[in-house]
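Undergrad:
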Amino acid sequence: MNLIDNDTLQAYVDGELDATTTARIDAALVHDDLLRRRVQQARALRAQLKAALDPVLDEPVPARLSALLQSARPPQPSMPIKPLAQSAGRRGFGAGRRHTSRRWLLPIAAATASLAVLAVTLWWHAGGLVGVHDDRQYAAAALSDALDRALASEPDPHAPISIGLSFRSADGRICRTFINRAKPIAGLACHDDAGWWLPVLSAGRESENGELRQAASAMPPAVQAAVDARIRGEAFDAQQERAARDAGWR
Amino acid sequence: MDPSQVVREGLIPLLPRLRRLARALAGQADDADDLVQIVLERAMTRAAQWRPDAALDKWVFAIARNAWRDELRARGRSQRLFAGEEAGAMAADGNTGPAQKLELAAALASLPPDHREVVALVLVEGLSYGEAAELLQVPVGTVTSRLARARSTLQSYLGNDT
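These protein sequence lines are chains A and B, in that order.
For the first sequence, our numbering gives the first residue as 1, with consecutive numbering after it.
For the second sequence, our numbering gives the first residue as 1001, with consecutive numbering after it.
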């Protein structure tokens, strides 16, 4: 029996309710398992969307965009605008494209790349390898185990998850890149009190002939950029990596 | 300072959020950046229309949303047809194993534009219902009902709807 309708529940999750109604739902949550599950699902969806799209904030802004905002320019367009409709019509033929940011070479990849990042997140969540804690995503299960235990210097060819770089970030935490061998999925994990926080999850890249690049060195640009933004000094060598593991990644 | 300079300088720190919003709306990365380019051009052209008492981010988000709608119209239904086929293929398969879940994300693309934009504005950009309603020029109740239906669609693709 549920007296709280979907719109109210959604407003609760989105922080849109007044204090009285919020308190009423807080109270109902204590003894209503179904309601609690619905709240958790709505929060998880929100967290998944954020996790899929927030990495855009950390990407370098393409020069062609920031150039439009350089000062001492007249407000007229500094480059010809190409309507999306035109570029969409050409997609897949590879002809006449702008030279900037056209990395998706396969028609299928081009069509699905947009969703790949979100898909990755959903897939990882679905597979139980990612959990949400305080609205942040953390490694779980096999991913967490691999980050805790695996050493890049002693790769296990049968392990589903391969570790790339380990390094200390500018804020003092230890971070590790990883890639899933079976799926073209990669990411960055940084260790904190709650476990392995995952600031970046990304789809792997496909090479020009369509084969998946699975080497840990072929990190997707988003992961590479996240490493570059965080790393302090050099990546760990084998000895430092082992020492960091022995010290509990602190 | 003349208005165009104020707007230009105000837009620089907003670029990452604008790119995120465009990604949520347009999906594919280079389509999204093409959209951002159009938005910046329009914002600069219309800089004189921006009033300093209006928040610049909402103002430019509204331009982005309208530009996206214009592009959708220009593009016709091809994009949605494609996404619809993907979604249809998934819906036909009752099994929601991990492989299917990878494709479930296509659900975001298959949302109708009026659902997708509220997801982008409220769930991704963090606007309040009231802010989204003002930006979209619809009543708050319309925002909440679209958002609820969009959520329900996305949850059902995730296979965890109750």
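Glycine residues also receive a C-beta, built at the ideal position from the N, C-alpha and C atoms.
Residue range of the beta strand (DSSP E) that R46 of chain A falls in?
TA: As a working mapping, residue 46 of chain A is identified with position 46 in the first sequence. That residue, R46 of chain A, is in no beta strand (DSSP E); its alpha helix (DSSP H) goes 33-53.
Undergrad: Would the beta-carbon of L1025 of chain B fall within 8 Å of that of R1116 of chain B?
TA: Reading the second sequence from its first residue, position 25 is the one you call residue 1025 of chain B. Reading the second sequence from its first residue, position 116 is the one you call residue 1116 of chain B. Yes; because the gap between Cβ atoms is below 8 Å, this pair is in contact.
Undergrad: Check each residue of the region 1125-1156 of chain B: if its Cβ is closer than 8 Å to any Cβ of chain A, include it; give the result in chain order.
TA: S1128, Y1129, T1144, S1145, L1147, A1148, R1151, S1152, L1154, Q1155
Undergrad: Mind checking the region 1001-1022 of chain B against chain A and listing, in chain order, the residues whose C-beta falls within less than 8 Å of any C-beta there?
TA: S1004, Q1005, R1008, E1009, L1011, I1012, L1015, P1016, R1017, R1019, R1020
Undergrad: Pick from A:P60, A:L9, A:Q10: whose alpha carbon is nearest that of D1033 of chain B?
TA: Residue 1033 of chain B sits at position 33 when you count from the first residue of the second sequence. The shortest C-alpha separation from D1033 of chain B is found at A:P60.
Undergrad: List, in order along the chain, the chain A residues whose C-beta lies closer than 9 Å to that of E1117 of chain B?
TA: Stepping through the second sequence from its first residue, residue 1117 of chain B is reached at position 117. Chain-order list of chain A residues neighbouring E1117 of chain B: empty, with the shortest C-beta distance near 13 Å, by a criterion of under 9 Å.
Undergrad: For the region 1033-1049 of chain B, enumerate the residues whose C-beta is nearer than 7 Å to any C-beta of chain A, in chain order.
TA: D1033, D1034, L1035, V1036, Q1037, I1038, L1040, E1041, M1044, T1045, A1047
Undergrad: Looking at the C-beta of L1123 of chain B, does it have a partner C-beta in chain A at a distance below 8 Å?
TA: Looking up residue 1123 of chain B in the second sequence gives position 123. By this cut-off, L1123 of chain B is an interface position.
Undergrad: How many angstroms separate the CA atom of E1009 of chain B from the CA atom of L147 of chain A?
TA: Counted from its first residue, the second sequence places residue 1009 of chain B at position 9. Counted from its first residue, the first sequence places residue 147 of chain A at position 147. Each residue's Cα considered, the two are about 42 Å apart.
Undergrad: Between A1055 of chain B and chain A, is any beta-carbon pair separated by less than 8 Å?
TA: Locating residue 1055 of chain B in the second sequence gives position 55, counting from the first residue. Not an interface residue.
Undergrad: Secondary structure at D246 of chain A, three-state DSSP: helix, strand or coil?
TA: The residue given as residue 246 of chain A occupies position 246 in the first sequence. If DSSP states are grouped into helix, strand and coil, D246 of chain A belongs with the helices.
Undergrad: Secondary structure at N195 of chain A, three-state DSSP: helix, strand or coil?
TA: Numbered from 1 along the first sequence, position 195 holds the residue referred to as residue 195 of chain A. A small correction: the amino acid at residue 195 of chain A is Gly; Asn does not occupy that position in the sequence shown. Strand, per DSSP.
Undergrad: Going straight from the alpha carbon of A19 of chain A to that of G172 of chain A, what length do you get?
TA: Taking the first residue of the first sequence as position 1, residue 19 of chain A is located at position 19. Taking the first residue of the first sequence as position 1, residue 172 of chain A is located at position 172. Cα to Cα, the separation comes out at about 39 Å.
Undergrad: With DSSP as the reference, please indicate the residues paired to L188 of chain A in a beta bridge.
TA: Locating residue 188 of chain A in the first sequence gives position 188, counting from the first residue. L188 of chain A pairs with A:T177, A:V200.
Undergrad: Report the three-state DSSP secondary structure of G164 of chain A (helix, strand or coil).
TA: Translated into the one-based positions of the first sequence, residue 164 of chain A becomes position 164. DSSP places G164 of chain A in strand when its eight states are reduced to three.
Undergrad: Applying a beta-carbon distance threshold of less than 8 Å, which residues of chain B neighbour V61 of chain A?
TA: Here residue 61 of chain A refers to the residue found at position 61 when the first sequence is read from its first residue. Going along chain B in sequence order, the residues near V61 of chain A (Cβ under 8 Å) are L1015, P1016, R1019.
Undergrad: Would you kindly work out how many angstroms separate the C-alpha atoms of L1104 of chain B and D58 of chain A, rounded to a whole number?
TA: Here residue 1104 of chain B corresponds to residue number 104 of the second sequence, with the count starting at 1. Here residue 58 of chain A corresponds to residue number 58 of the first sequence, with the count starting at 1. Unreliable placement is indicated for L1104 of chain B, whose pLDDT of 43 sits below 50; the coordinate value is still reported in the next sentence. If you take the alpha carbons of L1104 of chain B and D58 of chain A, they lie about 25 Å apart.
Undergrad: Run down chain B in chain order and give the residues with a C-beta less than 7 Å from the C-beta of R46 of chain A.
TA: Looking up residue 46 of chain A in the first sequence gives position 46. Neighbours of R46 of chain A on chain B, chain order: L1123.
Undergrad: Name the DSSP bridge partner or partners of I231 of chain A?
TA: By one-based count along the first sequence, residue 231 of chain A stands at place 231. Paired residues: A:S169.
Undergrad: Cα separation between R245 of chain A and Q1037 of chain B?
TA: Start at 1 with the first residue of the first sequence, and residue 245 of chain A comes out as number 245. Start at 1 with the first residue of the second sequence, and residue 1037 of chain B comes out as number 37. In a straight line, the C-alpha of R245 of chain A is about 46 Å away from that of Q1037 of chain B.
Undergrad: By Cβ distance below 6 Å, which residues in the same chain neighbour S166 of chain A in space, the five residues on each side in sequence not counted?
TA: As a working note, residue 166 of chain A is residue 166 in the first sequence. Hits under 6 Å: R176, F236, E241.
Undergrad: Spell out a yes or no on whether the region 226-235 of chain A and the region 151-167 of chain A are touching, meaning 3 or more CB-CB pairs, one atom from each, closer than 8 Å.
TA: yes
Undergrad: Does any CB atom of chain A fall closer than 8 Å to the CB of L1025 of chain B?
TA: The sequence position of residue 1025 of chain B within the second sequence is 25, counting from 1. Not one chain A Cβ lies under 8 Å of L1025 of chain B.
Undergrad: Within 10 angstroms of its Cβ, does D228 of chain A collect 16 or more other Cβ (buried), or is it exposed?
TA: Mapped onto the first sequence, residue 228 of chain A falls at position 228. It counts as exposed.
Undergrad: Just the Cα atoms here: how many angstroms apart are L9 of chain A and V130 of chain A?
TA: Within the first sequence, the letter at position 9 stands for residue 9 of chain A. Within the first sequence, the letter at position 130 stands for residue 130 of chain A. The straight-line gap from Cα to Cα measures roughly 25 Å.
Undergrad: Count the other C-beta atoms from every protein chain shown that fall within 10 angstroms of the C-beta of P199 of chain A, then say buried if there are 16 or more, exposed otherwise.
TA: To locate residue 199 of chain A, count along the first sequence from 1; it is residue 199. Label assigned to P199 of chain A: buried.
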